[in-house]
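J.: Counting with my numbering, you get residues 21 to 428 for the letters of the sequence shown.
The C-beta atom is built at its ideal place from N, Cα and C for all residues, glycine as well.
One structure coming up, written as C-alpha cells, with questions to follow.
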Amino acid sequence: MTATSEATRTERQDRVLRAIEAAKNATRKTSDFIYANPETAMKEVKSSAALADLMEEFGFEVEREVGGIKTAFVAKRGSGGPVVGFLAEYDALPGVDHGCGHNLIAGSNAVAGIGLAAALEDLPGTVIVYGCPAEEAVGGKVYMANAGVFEGLDIALTTHPGAGGHSYNPVLEGSGSSLAWQEIEIEFYGQTAHAAADPENGINALNALLYVFRGIDGLRQHVKSSVRMHGVITSGGMVPNVVPDYTRGHFFVRAETLAETAELAEKVRKIAEGAASMTGAEVKVTLPHPPYADVVPNYTLSRRVKSHLDGLGMELPDQQPGPGRGSTDVGNVSYLAPTACARFPITEGLVPWHSTVVNEAAGTEMAYESMFTAAKAVALTGLECLEDTSLIDSAKAEWRDKLDKRKT
C-alpha cells in the first residue's frame, strides 16, 4: 500500500476515512467535553465515561474499570487476529489543565479505532481502543500492562500533539525513544533536641537528606550524560531551634533503558543508606509506583505512519537521532508489542509545553484539524497491518531485536 493521496486510495482506505468523517461531530463533542472538564491522574471519572460512551455509541463492546483501575477501559470490535490497539489518554495536569493536550489524544485514538473498525466488514481481526488514565503521573498503562490488559496485542498505535516546529516523525535510526523513569521516596527518622542547648542529643534527619542530595550530585560524574536525577524536599523540619527528627525527599531518576534505570535507583538507595549511617538516622526508601519503561521505537511502523501523514498533507520534519528526554508510560506498552506514535502540531510556532499556552491551543480549530489528520494516519497504518500481516511480522522482528539489545 502506498501513501494515502486521493488518487491512490483503495476502497478500504476510503471506507476507513469515511467512517472517521462520519464520527467527527461525536468525537469533537466528546473531546470538547474532556477539555472542559479537566481531571488529573486517576480522577478522570467524567472523561473516561464520556470516551467509553462514545465507543459504545459506535458499536464497540466496552469493559470498564479494567486492570483494577476505575478510570481505565477496553473498547473492542471484531474477533481473532491480528489485534490492532489504539492508546487513548485523557488525564489533565494540575494547574494547567490540558497543558499536554490529552483531550486530543483521547479523541484521535477513539476515532481512529472507529475508522479502522469499518474495515472489519471484509477483513479478519480485532480493533481495540484502550482507555488509559494517568499518563502524567502514576502510570496508568504501567498498571494495565502489569495486570495483563494488553495481552494478545499485535501492534499498538497512538498519537500526541506537539508545538509547531517541534512536531516530528521518529523514523531515523536512533530517534523516537524516551527515558525510563523511576520515582523514589526517601524518608529519614532521627531524634529531636534543642538545636542550641543540647544538639549533641539529637539525630538530624535533615542532614541525612541533604547528604542524599550531595551524594546524587557526586554520582552525576559517573553516569551517562543522558541520565537525569532530580528531587525536592517535601518535609524538612518545622523550626530552626529543633533538630529535625523526620524528613522526606521525592526523587525521579531517568535513564535510557529500564534496566539502567533500575541500576540507578539501586545506587540512590545505597546513597540513602550511607547517609543514614553517617548521621545515625534510620532510613526508609520506597518506590511508590512501578517504573515507566523507555519507548522502544519501531521504524517499520513509524515509517508507515509518516507515509500516511505525508499523503494527508501533514509533512513534518524527521526527529534527529539521540536519546529522548521525557518519559511516558507508552514505553511499557512498547515492551509488550511494536508501537508507533503520530505526532501532530497544534500551534504555529514553538511554545512552552505543559503550560497554559498549550491548554489554550488544545481547544482550537487548528488543534482539532490536526487531531483528525493524525487519527486518519494511524487508522490507515492499522489497516495496512490488517491487510498485510507480513508488515506485523516485520515490525515484530524489529521489536524483538531492539528488546534483545536492551537486555544486554
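Which residues in the same chain have their Cβ closer than 6 angstroms to the Cβ of T348, if we skip the five residues on either side of it in sequence?
T.: S198
J.: Beta strand (DSSP E) containing W373: first to last residue?
T.: That residue, W373, is in no beta strand (DSSP E); it is neither H nor E in DSSP.
J.: Mind checking K290: buried by the 16 CB within 10 Å criterion, or exposed?
T.: exposed
J.: Measuring alpha carbon to alpha carbon, tell me which residue in Y388, E31, Y312 and G119 is nearest V378.
T.: With distances taken between Cα atoms, V378 lies closest to G119.
J.: Could you compute how far the alpha carbon of M249 sits from the alpha carbon of M298?
T.: 22 angstroms
J.: Nearest to K63 by alpha carbon, out of G127, E155 and P102?
T.: E155
J.: With a threshold of 16 other CB atoms inside 10 Å of the CB of D424, please say whether the residue is buried or exposed.
T.: exposed
J.: Secondary structure at G257, three-state DSSP: helix, strand or coil?
T.: coil
J.: So L230 is in the alpha helix (DSSP H); what residue range does that whole segment cover?
T.: Start and end: A225 to L239.
J.: Identify every residue that forms a DSSP beta bridge with V103.
T.: T146
J.: Roughly how many whole angstroms lie between the Cα atoms of G133 and P337?
T.: If I take the Cα positions, the gap works out to 26 angstroms.
J.: Tell whether a beta-carbon distance below 9 angstroms holds between K44 and V131.
T.: yes
J.: Quick check: the Cα distance between G160 and E385, rounded to an integer number of angstroms?
T.: 29 angstroms
J.: If you reduce the DSSP assignment to three classes, tell me which class V131 lands in.
T.: helix
J.: Closer than 8 angstroms is the cut-off here; do at least three beta carbon pairs connect the segment 274 to 282 with the segment 160 to 176?
T.: no
J.: Quick test of your reading: G145 and L321, contact by CB under 8 angstroms. State the CB separation rounded to the nearest angstrom.
T.: With a Cβ gap of about 16 angstroms, G145 and L321 do not count as contacting.
J.: Measure from the alpha carbon of K96 to the alpha carbon of each residue in A292, G342, L74 and H214, then state which is nearest.
T.: Closest by alpha carbon: L74.
J.: Closer than 8 angstroms by C-beta to V65: which residues in its own chain qualify, once you throw out the five before and the five after it? Chain order, please.
T.: E59, K90 and T91
J.: I'd like the list of long-range same chain contacts for R345, defined as Cβ closer than 7 angstroms, with 5 residues on each side in sequence excluded.
T.: Cβ within range, chain order: L199.
J.: Assuming Q340 contacts S195 (C-beta within less than 8 angstroms), just tell me the rounded distance between them.
T.: 6 angstroms
J.: Reducing DSSP to helix, strand and coil, say where L173 ends up.
T.: coil
J.: Between S245 and I206, what straight-line distance do the alpha-carbon atoms span, to the nearest angstrom?
T.: 24 angstroms
J.: Ends of the beta strand (DSSP E) at A275?
T.: Y266 to A275
J.: Give me the Cβ distance between I54 and V94, rounded to the nearest whole Å; I'm assuming they're in contact under 8 angstroms.
T.: That pair is no contact at about 18 angstroms.
J.: My understanding is that L107 touches K396, with C-beta atoms under 8 angstroms, so please give their C-beta distance in whole angstroms.
T.: Contact doesn't hold; Cβ gap of about 17 angstroms is too wide.
J.: Just tell me which of L239, I223 and G101 has its CA closest to the CA of G211.
T.: Looking at the sequence itself, residue 211 is Gln, so the reference to Gly does not match. Considering only alpha carbons, the answer is I223.
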